[in-house]
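Novice:
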Amino acid sequence: MGIYSGETEYSYGRRMDLIQVFKYMTSFLDKGEQKNWKRFACLGCIRAIIDVFSFYVTVYFISTISEDTVLAGGLRAAVILLMFLSEVVLEMFRCRFSNHFLYYGTQQLSMKVFELFAKEDLEQHEQKSVMQALEIVRSDTMKSMNIILACVGLGVNIFTMAGYAVILTYISKWFGIIASLVFAVLIAAVFLMYRAQMKMYGEKCRKYEIRANAQITLEYGIFEEMKISGHTAPVLEKYHDASMAFTQAQSKYNYRNEIIAVFMNLWAKAIMLIIFVSLFLWGAELSNFIPVTVYVSALSRMATLSYSIVGGLNSIEFSRKPYKELKECLDQYVELKKEEERLAGIRQKNVTFKKGMYIRNLTFRYDGRENLFEDVSLEIPAGASVAVIGTSGAGKTTFLSLILGLLKPQSGAVFYDDYDIVSQSDTEGACQAKIGDIVSYIPQVVYMNGETICNNVALLAKQTEIDDERIIECLKYAQIWEDIAKMPEGIHTVIGENGTAISGGQRQRIALARALYKNFELLIMDEATAALDMETEKAVMDAIGQVRKERTLLIVTHHMSLANECDIVYKIQDRKLVRVR
38 MGIYSGETEY SYGRRMDLIQ VFKYMTSFLD KGEQKNWKRF ACLGCIRAII DVFSFYVTVY
98 FISTISEDTV LAGGLRAAVI LLMFLSEVVL EMFRCRFSNH FLYYGTQQLS MKVFELFAKE
158 DLEQHEQKSV MQALEIVRSD TMKSMNIILA CVGLGVNIFT MAGYAVILTY ISKWFGIIAS
218 LVFAVLIAAV FLMYRAQMKM YGEKCRKYEI RANAQITLEY GIFEEMKISG HTAPVLEKYH
278 DASMAFTQAQ SKYNYRNEII AVFMNLWAKA IMLIIFVSLF LWGAELSNFI PVTVYVSALS
338 RMATLSYSIV GGLNSIEFSR KPYKELKECL DQYVELKKEE ERLAGIRQKN VTFKKGMYIR
398 NLTFRYDGRE NLFEDVSLEI PAGASVAVIG TSGAGKTTFL SLILGLLKPQ SGAVFYDDYD
458 IVSQSDTEGA CQAKIGDIVS YIPQVVYMNG ETICNNVALL AKQTEIDDER IIECLKYAQI
518 WEDIAKMPEG IHTVIGENGT AISGGQRQRI ALARALYKNF ELLIMDEATA ALDMETEKAV
578 MDAIGQVRKE RTLLIVTHHM SLANECDIVY KIQDRKLVRV R
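Our numbering numbers the first residue of the sequence shown as 38 and each following residue consecutively.
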């Protein structure tokens, strides 16, 4: 089952329409990569023609070599050498185009999928893990691009094999026809025999690679707990199981491909042996030696091509699951771009926060669950400090996601002055606005990118626009500058992946500095001071009070002492937000 729901355009059952898959994948490439795959295909066809033609010419030259003069023999040798050199040059260009196409095409697809993940709705975003997203963006894109190369390779190999079949038929008459038919049946039989297994191995490799990578992430996430408890066995065991399952599936896939090569070579040798025995039993004369040699050489080449064809088909089956997952994402990407195109024609509005926020008749529930909020209405006046309290699981963070536009309610409106983020309209009609221009948000779970303190405070700013003086000012307001000033590199100190080199309280204060670095009218904090001691928390709130001046503060907290410092307090109860002060 894919990450995204909905019907898909193509069937992923027993039959995969390679032409439709090929057209679908190439439609997402830019003009440069479109030209590259066409060049790759053209070079492959030209090389196939030269391959078959050079074989035929070589056979012809050998059969008439006794009639040659010295000059004619030299010319023929030069022609053969020229054809071989042409094959080498064409193969070099083909390799260049195929590699460029594979890696640059993969980069284009990965950018599209990554853009989708960055812009999709919160509910969709949370339906997949980090490891699933990583697998799609980095691995599935390359495996799907390989399908295009495999399809082109199939076409070229079939074309080449048809050329050899014509030569065999021309030289050996009905022996050539029989041999060609045997190879065609052999290819179909072997592919159908192993098709389901190749698909299964591809699915298993993908599934267990995600699981193994997830255990590596988990080990870094719970390192302290694991180290203290001394219980590393469960994590190691889960990684071992997932890694071993991946290894077994990948090993079996490679083994099957090698077995297919052995099997097809045996068949080719068997066919050759049958021909030799038949010629011997029928009393073939020595004059037939050269045609037989040609026949054996052509059969050997056809055996290699047959394996390449089956190998290409197997690689496509192996990549079926990655392609399916990628296609669902690309379908979503197409819809995203259509929506962006539609919105581009809508009036743009600069959202303001002079009056405040007005929530009217808001109702929300997660899919398949009962209502979390019902007919909620409240006001957050501009310039006020507002606290939202409630029991654990009451929906405090969900409420913030609704007023920030991260979640869509089933009904109701959320106004920033006169702009409703739900219907995306104001008093003049439909319009577009970015509430991020006036809102600064500190989430409950703070992410640090493992770079410097400076880059974490100015997280979404361009490198050339970072203001060190402003960063230091924000760090002072967040009550952490004294700690950072003592560090050897100051604001340029690297803090480790997700802030592992600093304390939890320091992480939250850096997150606060990040929020203060941005110009805002409304500061929203989701339990942002939970990891601070009471003295530091009070100092931080006093600093925020100095910074915000006439700005608005909305906090979610379970600290009543903090809530009591606010002008207005709302409590979540009975699916409503009730004003308690």
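Backbone N, C-alpha and C fix where the C-beta goes; we use that ideal spot for every residue, glycine too.
What's the C-alpha gap between E362 and Y403?
Specialist: 24 Å
Novice: Determine the direct distance from the alpha carbon of I528 to that of A522, and round the result to whole angstroms.
Specialist: 8 Å
Novice: Which word fits K180, buried or exposed, when buried means at least 16 other C-beta atoms lie within 10 angstroms of its C-beta?
Specialist: Classified as buried, K180 has 16 or more neighbouring CB atoms from the shown chains inside 10 Å of its CB.
Novice: What residues are listed by DSSP as bridge partners for T659?
Specialist: No answer is possible for residue 659: it lies beyond the span of the chain, which begins at 38 and ends at 618.
Novice: Hey, how far is the Cα of T400 from the Cα of D158?
Specialist: Here the C-alpha atom of T400 lies approximately 18 Å from the C-alpha atom of D158.
Novice: For a quick check, are the C-beta atoms of I353 and A187 less than 8 Å apart?
Specialist: yes
Novice: Note down, one range per segment and in chain order, each alpha helix (DSSP H) of at least 4 residues found wholly within the segment 394–441.
Specialist: Counting only runs of 4 or more, we get 433–440.
Novice: Determine which residues share a DSSP beta bridge with A467 and list them.
Specialist: S462
Novice: Hey, would you say S343 sits closer than 8 Å to L223, going by beta carbons?
Specialist: yes
Novice: Among D604, N492, T341, which has the Cα closest to the Cα of P418?
Specialist: D604
Novice: Below 8 Å on the Cβ atoms is my contact criterion, and I expect F65 with L139 to pass it. Report the Cβ-Cβ distance as a whole number of Å.
Specialist: Rounded, the Cβ-Cβ distance is 14 Å, inconsistent with contact.
Novice: By how many angstroms is the C-alpha of V617 removed from the C-alpha of L474?
Specialist: The identity of residue 474 in the sequence shown is Asp, whereas the question assumes Leu. Roughly 31 Å between the two C-alpha positions.
Novice: CB-CB under 6 Å to G200, same chain, minus the five flanking residues each way: which ones, in chain order?
Specialist: Correct list, in chain order: V89.
Novice: Where does A450 sit, in a helix, a strand or coil, going by DSSP?
Specialist: strand
Novice: Could you spell out the range, first to last residue, of the beta strand (DSSP E) harbouring V615?
Specialist: 613–616
Novice: In the DSSP output, what is V58 paired with across the bridge?
Specialist: The partner list for V58 (beta bridge, DSSP) is empty, contrary to what the question assumes.
Novice: Have a look at L599 and G541 and give me their C-alpha separation to the nearest angstrom.
Specialist: 19 Å
Novice: Restricting to Cα atoms, I'd like to know which of L380, F134, S91 is closest to M120.
Specialist: S91
Novice: Ordered along the chain, which non-local residues of its own chain (more than five positions away) have a Cβ less than 6 Å from that of S324?
Specialist: Below a pLDDT of 50, predicted positions are generally treated as unreliable, and S324, at 49, falls in that range; no measurement from the model is reported.
Novice: So, for R389: in the same chain, excluding its five sequence neighbours on each side, which residues have a beta-carbon less than 6 Å away from its beta-carbon?
Specialist: Note that residue 389 corresponds to Thr in the displayed sequence, not to Arg. Excluding sequence neighbours, T389 sits near D454.
Novice: Quick one: Cα of T501 to Cα of I517, how far?
Specialist: 24 Å
Novice: With E160 and L444 assumed to form a contact (beta carbons below 8 Å), what rounded beta-carbon distance in angstroms separates them?
Specialist: Right, their Cβ atoms sit about 7 Å apart.
Novice: Let's test the definition: count the other Cβ atoms within 10 Å of the Cβ of A36 and tell me whether it reaches 16, buried, or not, exposed.
Specialist: The structure shown does not extend to residue 36, since the chain spans only 38 to 618, so no value can be given for it.
Novice: Once you ignore the five residues that flank V125 on each side, which residues in its own chain have a CB closer than 7 Å to its CB?
Specialist: none
Novice: Kindly list the residues whose CB is nearer than 8 Å to the CB of R175, restricted to its own chain and excluding five residues on each side of it in sequence; keep chain order.
Specialist: S147
Novice: Check whether the Cβ of L443 lies closer than 8 Å to any Cβ atom in chain B.
Specialist: Looking for chain B here will not work: only one protein chain is present.
Novice: Which residue or residues does DSSP assign as beta-bridge partners of I609?
Specialist: L614
Novice: Could you give the first and the last residue of the continuous alpha helix (DSSP H) run that contains L619?
Specialist: The first residue shown for the chain is 38 and the last is 618, placing residue 619 beyond what the model contains.
Novice: Just to confirm before moving on: does the CB-CB distance between V494 and R551 stay below 8 Å?
Specialist: yes
Novice: Who are S619's beta bridge partners in DSSP?
Specialist: The question about residue 619 has no answer here: the residues shown for the chain are numbered 38 through 618.
Novice: Among V58, V476, K513, K555, which one has its Cα closest to the Cα of R546?
Specialist: K513
Novice: Taking DSSP's pairing of strands, which residues face D457 in a bridge?
Specialist: According to DSSP, D457 bridges with F452, S462.
Novice: Does L358 pass the burial test, meaning 16 or more other C-beta atoms within 10 Å, or should it be called exposed?
Specialist: First, the amino acid is wrong: residue 358 is Lys here, not Leu. It is buried - the Cβ of K358 has at least 16 other Cβ atoms within 10 Å.
Novice: Given I87, which residues of its chain have a CB within under 8 Å of its CB, disregarding the five upstream and five downstream residues?
Specialist: Result list for I87: M120, S123, E124, L127, in chain order.
Novice: Given a cut-off of 8 Å, decide if V482 and I561 are closer than it, judged by their beta-carbon atoms.
Specialist: no
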